[in-house]
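Some notes on the structure that comes next.
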Amino acid sequence: MPQTQSALLLLADGNVFHGKAFGKIGTTTGEICFNTGMTGYQEVFTDPSYAGQVLIMNNVHVGNYGINQVDTESTSVKIRGLIGRNLEERFSRYQATDSLDNYLKQNNIVAIEGIDTRALVAHIRTKGAMNCIISSEILDVDQLKAELGKVPDMDGLELASEVSTSEEYEMGDPASALKVAVLDFGVKRNILQCLVDRGAHVRVHPAKTPISRLKEFNPNGYFISNGPGDPAAMPYAVETLKEILKEEKPLFGICLGHQLLALANGIPTFKMHHGHRGLNHPVKNLVTGKSEITTQNHGFGVDPAAVRNHPEVEVTHVNLNDESIEGIRLKNKPAFSVQYHPESTPGPFDSRYLFDDFVALMTK
Amino acid sequence: MPRDTSIKTVLIIGSGPIVIGQACEFDYSGSQSARSLREEGIKVILINSNPATIMTDPMMADRVYLLPLTVDSIEQILQENEIDAVLPTMGGQTALNLAKEAEELGIWEKYNVRLIGVDIKAIDKAEDREKFRQWMIQLGVPVAPAKTANSFLEGKEFAQEIGFPLVIRPSFTLGGTGGGFVHTKADLDEALNRGLSASPIHEVLVEKAVLGWKEFELELLRDSADNVVIICTVENFDPMGIHTGDSITVAPAMTLSDTAFQLMRNTAIQIMRDLGNFAGGCNVQFSLNPETEELIAIEINPRVSRSSALASKATGYPIAKIAAKLAIGYNLDELKNQITKTTSAYFEPALDYVIVKVPRWNFDKFKGANDTLGLQMKSVGEVMAIGRSFTEAIQKACQSLENEAVGLGYYGKSMMKSEDLVEYIKVPKWDRIFRIKDALMQGVRVKTIVEATGIDRWFIYQIQDICNIEKEIAKYTLDSLPVELLKDAKKKGFSDEQIARILHSNTTDEEVYEKRKALGITRVFKMVDTCSAEFEAKTPYFYSSFEG
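Going down the list, the protein sequences come from chains A and B. Under the UniProt record's numbering, the letters of the first sequence match residues 1 to 364, in that order. Under the UniProt record's numbering, the letters of the second sequence match residues 1 to 548, in that order.
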């Protein structure tokens with residue numbers, strides 16, 4: 001039988017939800033957000049872009065097929081905490097090596113289950129993203145309130161350098177003529193895999209690597225990765241991007257990389273009400289007229305009016321639900337970026353053509 | 001592309017009489033599509049031989065013909081009306097077959113009527129089993145080893161080549177009529193004869209049986225600009241070998257990893273884009289080897305089906321309604337989600353609940369009928385239940401079967417011993433899930449049940465959870481029943497009557513109800529809104545559950 005230890009979830013607006021402890025017994029804090037995807041929980045939990053976030057899984061059963069050593073986007077769990085309706089200890093998959101419960105324990109992740117996640121998601125949808133605290137050791141609301149008060153606001157928070165690699169590393173065939181310099185703000189493993197699968201030799205650099213070091217690799221193109229936190233709190237990265245753009249070499253940015261490309265062109269970013277996180281977001285490619293179902297995970301966006309009024313920036317992709325900016329390219333430089341995740345994992349493969357486009361730009 | 005304005009009058013073909021394998025689901029899709037076309041200002045003419053349907057109500061179409069579903073009737077309608085196009089994808093296999101027959105006789109051409117939604121080539125490719133197989137091989141999509149036979153001798157020869165167990169699948173039949181498994185050589189002759197005579201073209205596919213593999217169905221929509229979305233993924237509780245119409249099915253898929261699912265999604269999209277002229281709803285069935293996660297394509301149906309009616313209700317996404325719009329030229333990204341009214345129709349629904357469908361059989365009315373389930377559909381109806389967990393949904397479904405089950409396990413509790421139960425559940429019959437529960441109650445191990453049935457162990461764990469709660473409740477009287485246990489039981493779908501019967505005392509369902517009401521354990525109502533609460537819904541529908 002599952003453990004029956006109680007746990008509490010307290011939101012910054014004072015709402016309290018009662019549930020059962022799962023994963024590590026302890027206390028955790030972060031900004032609450034929700035993901036509507038129905039598959040791929042292990043990939044989501046290990047995605048570095050979720051650093052600092054406490055995640056609600058809308059799907060009511062999570063953990064059914066256990067965890068394994070393959071379906072990961074980084075080497076550890078990156079979410080700060082997990083909230084679910086039914087988090088499963090018992091699982092079924094030949095390839096699975098462990099249960100979700102053990103995995104969370106090993107990664108020191110506090111989780112809570114038995115929560116009315118639908119009511120909670122509706123609340124976040126209405127009130128917007130906010131900080132929260134989960135605890136299975138402190139069950140006194142006042143004490144939790146005091147702890148929650150110490151948590152910094154996501155707006156203005158720089159988190160990318162915390163999840164970026166500390167050492168340079170390489171992937172792919174060192175003999176390849178196609179070389180990509182990756183600026184790592186929390187890159188997902190499968191983004192690198194998508195580049196390597198297309199013949200690229202990639203060198204991954206820590207977030208604060210100077211342009212001089214990037215140039216030493218003599219790359220055919222630059223890749224600006226996804227990552228957590230507020231892009232506006234990363235002036236160091238914006239400066240590096242401006243330097244890279246002077247190189248006139250192909251540049252591709254994903255998610256945070258997209259926001260940084262916008263900032264480097266003087267387009268402001270903003271904190272969204274509650275973000276886009278899931279595997280079913282519809283995007284229209286304005287260049288080809290085709291549409292694609294995309295994987296998304298972002299709590300910040302680029303300012304639509306500023307993009308549309310910018311003489312040197314073209315909008316290439318828009319979101320069909322809320323018309324937010326999903327992709328841009330520079331008119332006079334070989335640089336483009338998307339707000340969503342074309343590597344998916346988890347999610348549909350509809351947008352993987354963007355990696356082909358990047359390779360085509362580099363080999364032109 | 002926006003709607004094709006040259007289409008002013010459309011003929012919709014219904015599915016005819018309700019028979020096992022083809023029931024009111026096509027009334028649902030026919031009615032939805034008629035409404036969808038009429039709101040576009042299109043005149044709808046409808047033919048159906050079955051007056052006991054909603055679609056033939058005078059207000060559903062501009063003109064309703066209650067005529068036999070024959071080419072003669074079609075010709076009569078075409079003579080009496082100026083018809084621009086015919087929509088044959090809403091009336092199941094019957095409508096597609098009729099459209100095909102009329103095409104072969106040159107009727108459509110003679111009256112200058114276009115087929116919309118699908119063309120004959122696409123129907124042939126998908127419905128003719130041999131053509132489908134060849135097509136898959138050409139696309140590089142794995143299929144089970146098989147050969148098509150047009151005679152008894154040919155069939156026998158192929159059976160020897162392929163080996164047992166194998167499957168006989170007749171071409172162009174409804175609900176798998178005439179199909180079946182052949183486990184030994186002794187059963188081959190009868191199965192071959194039955195299959196050949198069931199097929200209107202005297203043709204069967206002799207196919208290697210992939211027993212024990214998992215079965216999944218994807219319901220999808222494609223528009224004429226090649227946009228494809230997966231509306232719903234349905235997992236069969238029962239492994240391969242039971243007709244989907246006779247399987248307990250679950251949505252969303254419960255035991256599918258993202259890697260396995262994306263392979264399925266990619267393959268389905270690849271098949272859809274290669275189908276030829278097609279705009280509308282389609283269903284693709286796959287089988288997955290649980291050990292290796294390799295995939296084979298089983299079949300596709302280029303039309304709305306029984307499963308799309310289920311998928312529409314399961315997700316809130318009106319498949320037939322949107323499919324009709326796609327048939328008249330709209331693209332998915334030009335249409336709005338009908339539930340939220342603000343977001344796009346081009347998206348893939350996200351579910352924050354579990355749907356369970358349980359078929360309803362009436363073997364007591366068919367004395368002497370073989371009640372073993374197989375490739376030929378035998379159920380006469382089905383129930384669909386929604387819950388915030390699999391356990392809640394399966395129990396609600398069992399409570400709705402109108403067979404006095406008040407949850408999983410209180411219907412005709414078996415007197416069999418555990419060894420006999422393990423033997424009994426090896427053969428799929430209508431009451432298998434109830435007997436699995438009986439076996440678990442008697443302490444049979446999950447592993448033993450999985451080996452006997454081939455059902456994924458995750459589902460068996462869930463049923464075991466139900467058993468554990470039942471055993472726990474049985475220790476108490478209504479007065480001593482702990483609040484947390486009562487709450488847990490309600491969350492896992494136990495009805496008040498079920499709890500009353502399990503309790504160690506004479507208790508009525510009213511007494512259980514009064515007790516939980518006093519404790520504040522009451523129903524909450526949740527929405528089916530296509531989007532897991534991400535957006536506000538304008539026209540959702542509701543189900544009840546227990547939270548907190």
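Note that CB positions come from ideal geometry on N, CA and C, so glycine has one too.
- Contact residues of the stretch 12 to 36 of chain A toward chain B are Thr-36 (C-beta to C-beta distance below 7 Å).
- Residue burial annotation: Thr-391(B) is buried, with at least 16 other C-beta atoms found within 10 angstroms of its C-beta.
- For Ala-160(A), the closest of Tyr-50(A), Phe-252(A), Phe-223(A) and Phe-217(A) by C-alpha to C-alpha distance is Tyr-50(A).
- DSSP, read as helix, strand or coil, puts Val-358(B) in strand.
- Close to chain A, meaning a Cβ-Cβ distance shorter than 8 Å, are the following residues of the stretch 388 to 419 of chain B: Arg-388, Ser-389 and Phe-390.
- Under the Cβ criterion of 8 Å, Pro-228(A) is not counted among the residues facing chain B.
- When Cβ-Cβ separations below 8 Å define contact, Cys-531(B) makes contact with chain A.
- Residues of the stretch 45 to 56 of chain A with a Cβ closer than 8 Å to any Cβ of chain B: none.
- In the DSSP assignment, Met-362(A) falls within the alpha helix (DSSP H) that extends over 353 to 363.
- In terms of Cα proximity to Phe-459(B), the closest of Ala-149(B), Asn-48(B), Ala-251(B) and Asp-57(B) is Ala-251(B).
- Measuring C-alpha to C-alpha distances from Glu-334(B) to each of Val-287(A), Gln-42(A) and Val-283(A) identifies Val-283(A) as the nearest.
- Contact annotation: in the stretch 277 to 290 of chain B, residues whose CB is within less than 7 Å of a CB in chain A are Pro-290.
- As the crow flies, the alpha-carbon of Ser-389(B) is around 34 Å from that of Ser-324(A).
- Secondary structure remark: continuous beta strand (DSSP E) runs of at least 3 residues inside the stretch 26 to 78 of chain B, in chain order: 43 to 47 and 63 to 65.
- Within chain A, the residues placing a beta-carbon under 7 Å from that of Arg-265(B) are Pro-348, ordered along the chain.
- The C-beta distance from Ile-162(B) to Val-204(B) rounds to 13 Å, too long to fall under 8 Å, and the pair is not in contact.
- Counting along the chain, the unbroken beta strand (DSSP E) around Tyr-169(A) starts and ends at 169 to 171.
- Take the alpha-carbon of Asn-102(A) and the one of Ser-291(A): they are about 40 Å apart.
- For Leu-166(B), the three-state secondary structure derived from DSSP is strand.
- Residue Ser-307(B) holds the alpha-carbon nearest to the alpha-carbon of Phe-26(B) among Val-44(B), Ser-307(B), Asn-277(B) and Pro-290(B).
- Rounded to whole angstroms, Ile-242(B) and Glu-299(B) show a C-alpha spacing of 14 Å.
- Taking the Cα positions, Leu-241(A) is about 12 Å away from Gly-221(A).
- Residue range 214 to 222 is occupied by the beta strand (DSSP E) that includes Leu-220(B).
- The C-beta separation of Gly-493(B) from Ala-393(B) comes to about 7 Å, placing the pair in contact by the 8 Å criterion.
- Here Arg-277(A) carries a strand assignment [DSSP, helix/strand/coil].
- Leu-256(A) carries a helical assignment under DSSP once its states are collapsed to helix, strand and coil.
- Judged by their CB atoms, Leu-375(B) and Gly-92(B) are not nearer to each other than the 8 Å cut-off.
- Apart from the 5 residues on each side of it in sequence, Phe-358(A) sits with its Cβ closer than 7 Å to the Cβ of Gly-221, Pro-250 and Phe-252 in its chain, given in chain order.
- Of all residues in the stretch 452 to 479 of chain B, only Asp-456, Arg-457, Trp-458, Tyr-461 and Asn-468 place a beta-carbon less than 7 Å from a beta-carbon of chain A.
- With respect to the 8 Å criterion, Phe-363(B) and Trp-430(B) are classified as neighbours on the basis of their beta carbons.
- When DSSP states are grouped into helix, strand and coil, Val-512(B) belongs to the helix group.
- In the DSSP annotation of this structure, the continuous segment of the beta strand (DSSP E) that includes Met-57(A) starts and ends at 53 to 57.
- Nearest to Tyr-541(B) by alpha-carbon distance, out of Ser-312(B), Thr-342(B) and Cys-467(B), is Ser-312(B).
- Every beta strand (DSSP E) of 3 residues or more that sits fully in the stretch 139 to 215 of chain B is shown, in chain order, as 146 to 149, 166 to 170, 180 to 182 and 204 to 208.
- Counting along the chain, no beta strand (DSSP E) covers Lys-242(A); the unbroken alpha helix (DSSP H) around it starts and ends at 235 to 246.
- For Phe-336(A), the three-state secondary structure derived from DSSP is strand.
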